[in-house]
Each structure stands twice: as C-alpha cells, then as structure tokens.
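Residue numbers (the numbering used here), protein chains in the order written: chain A, 1 to 113; chain B, 1001 to 1113. Think of the CB as a built atom: it goes at the ideal place given N, C-alpha and C, for glycine as much as any other residue. Here the structure is a predicted model, which means the values were calculated and not measured. Down below is the structure, laid out as structure tokens.
Protein chains: 2
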Amino acid sequence: MSDDLDAVFSALADPTRRAILTMLLEDDMAVTDVAEPFEMSLAAISKHLTILTRAGLISQEKRGRVKWCKLEPDALRAASVWMQGFGQFEPVNLDAFERFLDAELGESEDSSP
Amino acid sequence: MSDDLDAVFSALADPTRRAILTMLLEDDMAVTDVAEPFEMSLAAISKHLTILTRAGLISQEKRGRVKWCKLEPDALRAASVWMQGFGQFEPVNLDAFERFLDAELGESEDSSP
DNA sequence: GGCATATTCAACCATTCGGTTGACGATTTT
DNA sequence: AAAATCGTCAACCGAATGGTTGAATATGCC
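Written as structure tokens, this is what we have:
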C-alpha cells in the first residue's frame, strides 16, 4: 500500500520521466517517438518507460512491432490524495497548472529536445 | 524550477520521510522525538530531516540545544498543481484522505509509540 | 528468404542513497 | 567544573539509480 506511493513518487522524481508524462498528455506514443526529443539512448528511455509502467503511471500495449505508451492518470490519485492532506490547497486550480505546464515546456526546449 | 519538483518528489519517495511528515501534521517536534519511533540511528533521521528541509517540506529552528521541526505544507503546492493536471481528480476529497491516513498510521503502529 | 525497423536484454560504469559507527561541538543540568 | 543531552559531521559500506554500448529478439516489408 505504501509501496505504491514509493513507486509513484520516485517515478515522478526524475525530470525525464515527468517530461515523458507531459508528452503523453497530448497523445499516445510509440517508444521510439517518445525517445526522439531526448539526448539519450533508446535503451535509457525504455528503462524509464518500464519504471513508469511499474508505477502504474502509463500502460504499454504492443501492436505489431511497435509498443504504444498511454498515460494512466488514475495512478496519481492515491499520491494526490496523500498530498492534499498537508494544507488545504485551493481545489484544482487549472489556470495555475496551465501556467506551470507552459513554463515547464518552455524550459525543456533548450535542454531536452 | 524543475529542480524544486525533483527535490520534493524524491523527498516524498521515501516511506520514512513520509512518516515523518505525517507525524509533523500533529505538532512541531524536536529531532530526537522525531527519531524515537524509528528503528534507525539518530544520524540517519538527521539526514532525512536535512533532505526534507532542502525540499522545503519542513523548516528547522534551533532554540537552546533542541532543534524544532515544523511542517511547511506550502512546498507541496507546486507538486500538487503539477499532478492535478493529469486527469481531473475530484476536488480535495478529505474523506479519502482520512481513510488513507488511518491506514498509514495503523500500518506504522508496530514501530510507533 | 533477406533486410530494415522497433524494442529489449545484458553487462558494465560512475554516482547517489540510505544506513552504520564513532568523534565532536554546543548547550543544559547538577 | 563535570557530566549529561542534543544534534551533526566524517568516513565508510552495500545497494540502487541513471546512463552507456553491443548483441539479441520480434515484427514488417520487398
């Protein structure tokens, strides 16, 4: 039970993996396409995807020779609930999220892809 | 900016540190008292507290020879906002949180006071 | 069949992590 | 002043993490 939180939080602790999740917000992607923007080997990305899968944050389905990666946002629920307990945050401020997302996307434009 | 998220999420990835945060929900505590329920050295707990402090999740203030640890829930806000973007969670389900908290407290009762 | 593409496996490497122990500095108590 | 308490520091250890490379395994295409 607390192992789930271990897996989710440590999966989220890596900026490459958070970037991958952000990419998957747009659409499902094949492993090769996920890897394309990053300056690291395909094998490294494959490992990151395995970690995200084990944490339940994404699922992977092989169709033909390509493996599709799909965001599984439900896995965040337990972690989110855990965090909500520490202080009463304003309920789901999506404006703030969008600003944050813009910032993070803009930021990754000089380093990652 | 994304370093903040690194620090917060990796701080939360350790069950000992999450347990410490949960203890601090009740009240501010001295380092020795934080360490008491755990089956590990004071030095180890001191390191965990340093990590939580660097992540901004707690603050530490030395008064006399005792160092007080205080929860700083605001540090969770950025991480919480980031997570909220992945799927629309119901706004702050405190019932679910309380159930979760009970479960987590019950689980650590073998080593807790 | 034979070749290209998609993905993982296996072995390796450097670094970080979570823990230990013992010495140490600072403060309070007697 | 001496002794006890609070907490950190430093050095060390084994295991996990994040990356590399090269070979291996599927699958699709000509």
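Just the C-alpha distance for residue i and residue j, rounded to the nearest angstrom, thanks.
{"i": "VAL1092 (chain B)", "j": "PHE86 (chain A)", "result": "Reliability fails at VAL1092 (chain B), whose pLDDT of 44 lies under 50, so the model's placement of it is uncertain and the value that follows must be treated cautiously. Going from the Cα of VAL1092 (chain B) to the Cα of PHE86 (chain A) covers about 11 Å."}
{"i": "ASP6 (chain A)", "j": "ARG1065 (chain B)", "result": "34 Å"}
{"i": "MET63 (chain A)", "j": "THR1050 (chain B)", "result": "Note on identity: in this sequence residue 63 (chain A) is Arg, with Met being the wrong assignment. Cα-Cα distance, rounded: 47 Å."}
{"i": "CYS69 (chain A)", "j": "GLU36 (chain A)", "result": "14 Å"}
{"i": "SER77 (chain A)", "j": "MET40 (chain A)", "result": "Note on identity: in this sequence residue 77 (chain A) is Arg, with Ser being the wrong assignment. Cα to Cα, the separation comes out at about 30 Å."}
{"i": "ALA43 (chain A)", "j": "ASP33 (chain A)", "result": "13 Å"}
{"i": "ASP1004 (chain B)", "j": "LYS67 (chain A)", "result": "32 Å"}
{"i": "PRO1073 (chain B)", "j": "LEU12 (chain A)", "result": "19 Å"}
{"i": "SER10 (chain A)", "j": "GLU26 (chain A)", "result": "23 Å"}
{"i": "VAL1008 (chain B)", "j": "LEU1057 (chain B)", "result": "7 Å"}
{"i": "MET1029 (chain B)", "j": "SER1046 (chain B)", "result": "13 Å"}
{"i": "GLU61 (chain A)", "j": "THR22 (chain A)", "result": "19 Å"}
{"i": "HIS48 (chain A)", "j": "ALA55 (chain A)", "result": "11 Å"}
{"i": "MET1083 (chain B)", "j": "SER80 (chain A)", "result": "7 Å"}
{"i": "ASP14 (chain A)", "j": "LEU52 (chain A)", "result": "10 Å"}
{"i": "PHE38 (chain A)", "j": "VAL1031 (chain B)", "result": "42 Å"}
{"i": "SER1059 (chain B)", "j": "ALA1075 (chain B)", "result": "11 Å"}
{"i": "LEU71 (chain A)", "j": "LEU1071 (chain B)", "result": "32 Å"}
Tell me where the alpha helix (DSSP H) around residue i begins and ends.
{"i": "SER950 (chain B)", "result": "The structure shown does not extend to residue 950 (chain B), since chain B spans only 1001 to 1113, so no value can be given for it."}
{"i": "ASP1033 (chain B)", "result": "1031 to 1035"}
{"i": "ALA19 (chain A)", "result": "15 to 26"}
Just mark residue i as buried or exposed, buried being the case when its beta carbon has 16 or more other beta carbons within 10 Å.
{"i": "THR1016 (chain B)", "result": "exposed"}
{"i": "LEU24 (chain A)", "result": "buried"}
{"i": "ILE20 (chain A)", "result": "buried"}
{"i": "ARG1018 (chain B)", "result": "buried"}
{"i": "GLU1090 (chain B)", "result": "Confidence at GLU1090 (chain B) is low in this model, with a pLDDT of 43, below 50, so its placement is unreliable and no value can be given for it."}
Q) Counting only runs that start and end within the segment 1044 to 1077 of chain B, where is the beta strand (DSSP E) found for 3 or more residues in a row? A) 1058 to 1063 and 1066 to 1071
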